[in-house]
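Undergrad:
2 protein chains.
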Amino acid sequence: MPSILDNLKSVTKKGKSKMVLLVADGLGGIPHPEFGYQTELEAAKTPNLDELAKRSVLGLSCAVNYGITPGSGPGHVGLFGYNPEELTIGRGVLEALGVGFALEAGDVAARANFATQDAEGVIVDRRAGRISTEECSRIVSKIEQEVKEIEGVKIILKPGMEHRFVLVLRGDGLGDRIKDTDPQKEGSRPYEPEALDQGSKKTARVLRLFLEKAQKIIKDEPKANAILLRGFALPPKLEKFSERYGGIRALAIAIYPMYKGITRLFGFDTPDIEGTLEDEINYLKEKWEDYDFFFVHYKDTDKAGEDGDFSKKVKCIEYLDKFIPEILSLSPDVLLITADHSTPTLLHSHSWHPSPVLLCSPYAGADNCQRFTERECKNGYLGQVPAQALMSLMLANGLRLGKFGA
Amino acid sequence: MPSILDNLKSVTKKGKSKMVLLVADGLGGIPHPEFGYQTELEAAKTPNLDELAKRSVLGLSCAVNYGITPGSGPGHVGLFGYNPEELTIGRGVLEALGVGFALEAGDVAARANFATQDAEGVIVDRRAGRISTEECSRIVSKIEQEVKEIEGVKIILKPGMEHRFVLVLRGDGLGDRIKDTDPQKEGSRPYEPEALDQGSKKTARVLRLFLEKAQKIIKDEPKANAILLRGFALPPKLEKFSERYGGIRALAIAIYPMYKGITRLFGFDTPDIEGTLEDEINYLKEKWEDYDFFFVHYKDTDKAGEDGDFSKKVKCIEYLDKFIPEILSLSPDVLLITADHSTPTLLHSHSWHPSPVLLCSPYAGADNCQRFTERECKNGYLGQVPAQALMSLMLANGLRLGKFGA
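Protein chains in written order, with my numbering: chain W, 181 to 586; chain U, 181 to 586.
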């Protein structure tokens with residue numbers, strides 16, 4: 181069924197409000213038995229968030245669906261107000277964005293691994309003994325220098341961590357419906373790149389020629405003597421953020437390449453800044469007059485969660501808390517704080533748990549919550565909302581949505 | 181995805197229960213900073229609603245979707261158990277209903293404005309200086325007397341407030357896919373009525389002839405010398421209320437023309453009563469034996485909200501409260517009190533905030549809420565439900581829904 185949330189364009193209106201979406205990646209957690217059955221948010225000392233919570237409405241946001249753990253792609257697709265079950269960002273595209281590569285429309289990207297094969301071409305190590313990142317760079321350069329173009333298609337390689345790299349094909353008429361060559365297990369030969377539709381035949385042909393040439397170049401490498409490819413993908417066709425939301429001028433402030441890349445896909449202005457949250461907030465202040473919508477991404481909460489380091493995640497939350505007054509000093513009309521997914525330290529990974537949400541605006545209503553924690557959010561006025569709804573709630577509170585129906 | 185809520189017919193069963201849906205238009209509000217951060221419901225003295233809340237279940241109802249502000253059309257479509265994102269009532273139809281005109285199937289209705297154009301036909305005032313309602317009536321009569329029929333299509337005009345009126349075309353084979361002639365801005369000429377599909381060509385032809393004739397009649401009016409049309413619409417095709425819900429006999433009690441009109445669209449028996457809520461409740465008592473389902477519409481809460489008059493809205497709520505014992509004296513099996521949308525006085529307009537819901541029935545369950553307010557409703561047993569679900573909850577509590585599946 182078509183949802184009005186997928187067609188907000190039909191009700192947007194102009195406005196002058198300033199909106200801030202502050203995303204603390206992986207913020208939510210679950211009670212940890214070794215830390216008094218508290219979550220990281222509960223254990224953290226957050227005087228500024230507490231004070232803000234008392235004059236905001238809270239809730240819980242579900243990124244994709246009950247029990248579903250979102251990757252960073254779906255997590256942000258939801259936050260930006262698109263349906264993450266419908267709009268998918270392919271693996272290859274996310275990998276390319278993750279290494280900071282600026283994909284263009286029509287590029288086909290794939291996740292690539294160096295691997296080790298035996299004399300019969302059978303894969304004996306899918307990760308080439310996890311060669312060093314420097315080693316990976318060296319081999320990638322070697323291939324790049326010798327294979328620059330095939331059938332008019334530009335071959336672009338970007339090294340990643342250890343045995344990983346990204347392959348991008350740039351040229352006309354390339355489809356992305358290509359079967360993975362990575363057999364995903366040892367003891368098999370890599371598959372041939374096979375086109376799964378008519379429009380991907382040229383891609384498959386170029387890939388076969390590329391692999392043939394690259395294979396010859398690396399055949400004497402002791403470990404990295406094979407290449408496995410998967411997740412072939414074109415950048416998704418999508419309605420740009422500004423077009424979808426009544427022409428709002430949107431700025432993304434993120435340090436990590438993947439989030440810069442994702443926001444660029446949606447058409448945000450995404451400067452190539454570096455540094456810490458402090459630098460991000462300084463940048464926010466600097467650009468305050470120039471935009472309507474500000475996406476600020478804080479990564480460290482997720483990293484601490486993935487490391488399973490409870491105390492570190494608590495510290496990251498306390499660090500974040502210090503910047504709340506600085507954001508508030510800008511007097512945003514709407515401030516929404518949440519995450520793209522939860523990353524409980526108990527799980528050392530992304531999880532399916534809904535994310536805490538705090539929404540502050542003169543028109544948001546009010547509840548009686550005292551702190552910004554998962555359990556307080558459970559009692560918040562917003563209830564449990566799909567992530568996709570957060571954008572419409574922000575725009576409504578920014579008085580940028582008109583009436584639906586007469 | 182098909183929803184059982186759109187196919188309740190498949191599970192309805194006969195019964196003898198009496199159900200009352202009391203709608204206080206625009207009831208919900210948000211905490212008002214000038215009134216101790218209370219909402220209108222919180223500030224009002226409502227002993228009867230309080231007492232009722234203690235033995236009912238409460239909840240919050242979302243009319244359309246998160247952040248979406250519903251017009252009166254979608255608001256009531258939802259309350260009547262239809263999906264407001266699928267079943268839309270065109271602007272012209274609502275305008276016709278709003279001036280009390282009884283639309284028939286096949287009628288094409290449009291919202292019309294008198295406007296002022298200069299010698300070149302350029303619109304210089306889209307509202308003709310907001311001529312008086314009497315003036316509007318006079319000019320509408322003048323046109324009506326001279327243009328009665330075109331190509332066998334009856335031309336019907338109904339004056340509205342100030343510069344507004346309604347145009348209805350009644351005849352065979354009329355489509356409603358016609359481009360607005362109203363350019364929605366000054367400095368442009370009106371557009372020609374243009375058919376957007378094959379089935380609307382006759383409508384466009386008749387409209388062009390109508391405008392030509394009408395234009396000549398009003399050409400010497402000092403202000404109202406042009407006509408702008410928009411929102412062309414046929415009454416929606418819909419499953420009638422009684423057919424959808426197991427043949428229940430449904431009575432609508434409303435004072436305002438628009439709500440009479442909407443309920444007639446759905447096939448309610450809608451008498452043309454006038455007066456106050458007191459008259460409505462007296463009518464309810466009078467007809468108690470003759471119907472199963474009673475829709476009672478109270479308008480004044482919305483009006484006070486739109487006026488931004490907090491104290492007046494509080495008084496309207498207190499006035500409503502006095503009639504609760506009278507409704508209860510009839511011993512309805514199910515009583516549901518809610519709104520079609522919120523109208524916070526802080527916003528002076530309809531809003532996106534969910535509406536408070538109170539459901540009283542021996543089978544509704546129970547919660548620990550003490551008052552009928554937004555924040556108490558937030559903690560209610562019903563949680564946050566789509567407006568469309570209120571009908572199925574009423575019918576279930578009226579023991580008029582059978583088992584789904586074996």
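Glycine is no exception: its CB is placed at the ideal position from the N, C-alpha and C atoms.
What are the start and end residues of the beta strand (DSSP E) that includes His-256(W)?
TA: Careful: His-256(W) lies outside any beta strand (DSSP E), inside the alpha helix (DSSP H) at 252 to 259.
Undergrad: Hey, would you say Ser-236(U) sits closer than 8 angstroms to Ala-544(U), going by beta carbons?
TA: Yes; because the gap between Cβ atoms is below 8 angstroms, this pair is in contact.
Undergrad: Measuring straight from C-alpha to C-alpha, what distance separates Phe-584(W) and Ala-576(W)?
TA: When rounded, the distance between both Cα atoms is 12 angstroms.
Undergrad: Could you tell me whether any Cβ in chain W is nearer than 8 angstroms to the Cβ of Ile-184(U)?
TA: Output row for Ile-184(U): interface = no.
Undergrad: Could you tell me which chain U residues have their CB closer than 9 angstroms to the CB of Val-191(W), listed as they occur along the chain?
TA: Within 9 angstroms Cβ-Cβ: Ile-248, Thr-249.
Undergrad: Whose Cβ in chain W lies nearer than 7 angstroms to the Cβ of Thr-268(U)?
TA: Residues of chain W passing the Cβ test: Gly-585.
Undergrad: Examine chain W for any beta-carbon lying closer than 8 angstroms to the beta-carbon of Arg-357(U), and answer yes or no.
TA: By this cut-off, Arg-357(U) is not an interface position.
Undergrad: Alpha carbon to alpha carbon, how far is Asp-230(W) from Thr-523(W)? Give it in angstroms, no decimals.
TA: If you take the alpha carbons of Thr-523(W) and Asp-230(W), they lie about 21 angstroms apart.
Undergrad: Check each candidate in Ile-319(U), Asn-462(U), Lys-440(U) and name the one with the smallest Cα separation from Glu-506(U).
TA: When only C-alpha atoms are compared, the closest one is Asn-462(U).
Undergrad: Where Ser-588(W) and Gln-325(W) are concerned, what is the direct C-alpha to C-alpha distance, given to the nearest angstrom?
TA: Not covered by the structure: residue 588(W). The range shown for chain W is 181 to 586.
Undergrad: Using a Cβ cut-off of 8 angstroms, which residues of the segment 548 to 574 of chain U contact any Cβ in chain W, in chain order?
TA: From the segment 548 to 574 of chain U, only Glu-554, Arg-555, Lys-558, Asn-559, Gly-563, Gln-564 have a Cβ closer than 8 angstroms to chain W.
Undergrad: Short of 7 angstroms in beta carbon distance, which residues of its chain neighbour Phe-503(U), apart from the five on each side in sequence? Order them along the chain.
TA: If we look at Phe-503(U) and ignore the five residues flanking it on each side, its Cβ neighbours are Leu-457, Ile-461.
Undergrad: Just verifying my parser: in three-state terms, what is the DSSP assignment at Ser-312(U)?
TA: Three-state result, Ser-312(U): coil.
Undergrad: Since Met-571(U) is in the beta strand (DSSP E), which residue starts that stretch and which ends it?
TA: First-last for Met-571(U): 568 to 577, but that is the alpha helix (DSSP H), not the beta strand (DSSP E).
Undergrad: Work out the CA separation of Lys-365(W) and Leu-581(W) for me, nearest whole Å.
TA: Their Cα atoms are separated by approximately 51 angstroms.
Undergrad: Note the first and the last residue of the continuous beta strand (DSSP E) segment covering Arg-551(U).
TA: Here Arg-551(U) belongs to no beta strand (DSSP E), and DSSP marks it neither H nor E.
Undergrad: Since Val-386(W) and Glu-331(W) should fall inside the 8 angstroms C-beta cutoff, what is the C-beta to C-beta distance between them, to a whole number of angstroms?
TA: Contact flag correct, Cβ pair sits at about 6 angstroms.
Undergrad: Could you check whether the Cβ of Val-244(U) sits closer than 8 angstroms to any Cβ belonging to chain W?
TA: Cβ-Cβ to chain W under 8 angstroms: yes for Val-244(U).
Undergrad: State yes or no: is the C-beta of Gly-426(U) within less than 8 angstroms of the C-beta of Thr-192(U)?
TA: Going by C-beta atoms, Gly-426(U) is nearer than 8 angstroms to Thr-192(U).
Undergrad: What's the C-alpha gap between Ile-210(W) and Gln-218(W)?
TA: Spanning the two alpha carbons is a distance of roughly 7 angstroms.
Undergrad: Quick one: which chain U residues come within Cβ less than 9 angstroms of Leu-581(W)?
TA: Within chain U, the residues near Leu-581(W) are Gly-247, Ile-248, Thr-249, Trp-532.
Undergrad: Out of Thr-249(U), Ala-290(U), Lys-483(U), state which residue places its alpha-carbon closest to the alpha-carbon of Lys-359(U).
TA: Looking at the Cα atoms, Ala-290(U) is the closest of the given residues.
Undergrad: Does Leu-430(W) have its Cβ less than 8 angstroms from a Cβ in chain U?
TA: Reading the sequence as shown, one finds Ala at residue 430(W) and not Leu. No, its Cβ sits nowhere closer than 8 angstroms to a Cβ of chain U.
Undergrad: Counting beta carbon pairs with one atom in the segment 297 to 316 of chain U and one in the segment 333 to 353 of chain U, are three or more of them shorter than 8 angstroms?
TA: Enough Cβ pairs lie closer than 8 angstroms, so yes.
Undergrad: In chain W, which residues lie with their C-beta within 7 angstroms of the C-beta of Gly-253(U)?
TA: Residues of chain W passing the Cβ test: Gly-585, Ala-586.
Undergrad: Determine the direct distance from the alpha carbon of Lys-393(U) to that of Glu-554(U), and round the result to whole angstroms.
TA: The straight-line gap from Cα to Cα measures roughly 54 angstroms.
Undergrad: Measuring only the C-alpha atoms, how far is Pro-534(W) from Val-494(U)?
TA: Their Cα atoms are separated by approximately 37 angstroms.
Undergrad: CB-CB under 7 angstroms to Lys-558(W), same chain, minus the five flanking residues each way: which ones, in chain order?
TA: The residues are Leu-240.
Undergrad: Hey, out of Lys-189(U), Ser-183(U), Pro-182(U), whose CA is closest to Glu-419(U)'s CA?
TA: Glu-419(U) has its Cα closest to that of Lys-189(U), out of Lys-189(U), Ser-183(U), Pro-182(U).
Undergrad: Could you tell me if Asn-245(W) is buried or exposed, where buried requires 16 or more neighbouring beta carbons within 10 angstroms of its beta carbon?
TA: Burial call: exposed.
Undergrad: Compare the Cα-Cα distances from Gly-411(U) to each of Ala-233(U), Thr-268(U), Ala-295(U) and report the closest residue.
TA: Closest option to Gly-411(U), Cα to Cα, is Thr-268(U).
Undergrad: From this set, Leu-207(U), His-528(U), Ala-404(U), which residue's C-alpha is nearest Leu-538(U)'s C-alpha?
TA: The option with the nearest alpha carbon to Leu-538(U) is Leu-207(U).
Undergrad: Taking the alpha-carbon positions, what's the Phe-490(W) to Ser-422(W) distance?
TA: In a straight line, the C-alpha of Phe-490(W) is about 38 angstroms away from that of Ser-422(W).
Undergrad: Strictly under 8 angstroms for the Cβ-Cβ distance: is Arg-388(U) near chain W by that measure?
TA: For Arg-388(U), the answer is no, since every Cβ of chain W falls outside 8 angstroms of its Cβ.
Undergrad: For Lys-193(U), which residues does DSSP report across the bridge?
TA: DSSP output for Lys-193(U) lists no bridge partner at all.
Undergrad: Whether or not the segment 559 to 576 of chain W and the segment 425 to 443 of chain U are in contact is what I'm after, with contact meaning three or more pairs of Cβ atoms, one per stretch, closer than 8 angstroms; do they touch?
TA: The answer is no - the segment 559 to 576 of chain W does not touch the segment 425 to 443 of chain U, with fewer than three Cβ pairs under 8 angstroms.
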